[in-house]
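Report on the following structure.
Chains as they are written, first to last, in my numbering: chain W, 19 to 133; chain S, 283 to 396.
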């Protein structure tokens with residue numbers, strides 16, 4: 019079946035650099051995407067979302083880019099800080115057999131920030 | 283504003299024992315969800331609720347039951363725990379079930395079945 023996937027399981031960056039975490043999706047009918055951050059021992063924390071009628075959305079130090087042509091989603095973190103070290107998940111709202119949409123989560127990318 | 287609160291945070295059970303995980307949210311959200319998270323895997327939906335008194339099956343419902351007697355609470359039950367149910371369980375809630383609103387998560391319950 020169609021699912022959300024991630025290109026890199028682990029990403030290591032230097033403090034102060036920009037980070038880019040990628041996500042590929044295969045369900046062209048998905049129209050909403052979310053990025054979550056999960057720190058060790060914590061639940062997923064909402065970072066930013068984007069609807070399919072947008073290509074880019076910015077938050078505080080984060081930007082999400084959506085390329086519907088190649089079904090690709092990315093999360094950019096500017097000036098990465100040690101506190102950004104975590105696992106990052108993308109999720110898409112896939113339509114189920116019932117017709118109801120539900121979030122489907124990727125397996126995550128671990129971001130390691132080196133001091 | 284506590285958001286989504288899960289109790290207990292940790293639990294160890296023996297095979298065959300039963301237990302109930304409690305989720306409480308104070309955001310007046312209609313929709314609530316139970317997920318499990320296993321190493322190297324994404325979150326998998328167990329059951330969900332679209333409102334008080336309603337429940338529905340998710341992707342991996344076998345071996346679990348749920349109840350939503352009050353809008354703010356969503357209970358996940360294991361009637362006869364099995365080692366395969368060792369996992370981290372997360373509860374989430376959202377304002378709507380259209381799939382176009384973020385879900386807000388608790389910090390999880392770490393459950394080990396011996």
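Ideal Cβ placement from N, Cα and C applies to all residues, glycine included.
Its chain contains 29, 92, 93, 106, 127 and 129 as the residues whose beta carbon lies nearer than 7 Å to that of residue 39 of chain W, once the 5 sequence neighbours on both sides are disregarded; these appear in chain order. Burial check for residue 64 of chain W: the Cβ neighbour count within 10 Å stays below 16, so the residue is exposed.
Of all residues in the region 117 to 132 of chain W, only 118, 119, 120, 121, 122, 123, 124, 125 and 126 come within less than 9 Å of chain S when Cβ atoms are compared, listed by chain position. At a beta-carbon threshold of 9 Å, none of the residues of chain W lie near residue 289 of chain S; the nearest stands roughly 13 Å away. Measuring C-alpha to C-alpha distances from residue 85 of chain W to each of W:103, W:52, W:133 and W:73 identifies W:73 as the nearest.
The three-state secondary structure of residue 94 of chain W, taken from DSSP, is strand.
Residue 322 of chain S has a beta carbon lying within less than 8 Å of a beta carbon in chain W. Within a 10 Å sphere around the beta-carbon of residue 385 of chain S sit 16 or more other beta-carbons, which makes this residue buried. Looking at the DSSP output, residue 392 of chain S bridges to S:292 and S:370. Counting the other Cβ atoms within 10 Å of the Cβ of residue 350 of chain S gives 16 or more, which makes it buried.
Using a Cβ distance threshold of 8 Å, residue 304 of chain S and residue 328 of chain S do not count as a contacting pair. Contact between residue 288 of chain S and residue 388 of chain S holds, with the beta-carbon distance rounding to 4 Å and staying under 8 Å. Non-local C-beta neighbours of residue 77 of chain W in its own chain, meaning closer than 6 Å and more than five positions away in sequence, comprise 66, ordered along the chain. Contact with chain S is absent for residue 51 of chain W, since none of that chain's Cβ atoms lies less than 8 Å from the residue's Cβ. If one requires a minimum length of 3 residues, the beta strand (DSSP E) runs lying completely within the region 303 to 371 of chain S are 313 to 319, 325 to 331, 347 to 349 and 355 to 360, in chain order.
For residue 384 of chain S, a Cβ of chain W is located within less than 8 Å of the residue's own Cβ. Taking C-beta separations shorter than 6 Å and ignoring five residues to either side along the sequence, the partners of residue 292 of chain S in its chain run 392, following chain order. The C-beta of residue 302 of chain S comes no closer than 8 Å to any C-beta of chain W. Your pair residue 43 of chain W and residue 111 of chain W does not check out as a contact, with CB atoms roughly 10 Å apart and the cut at 8 Å.
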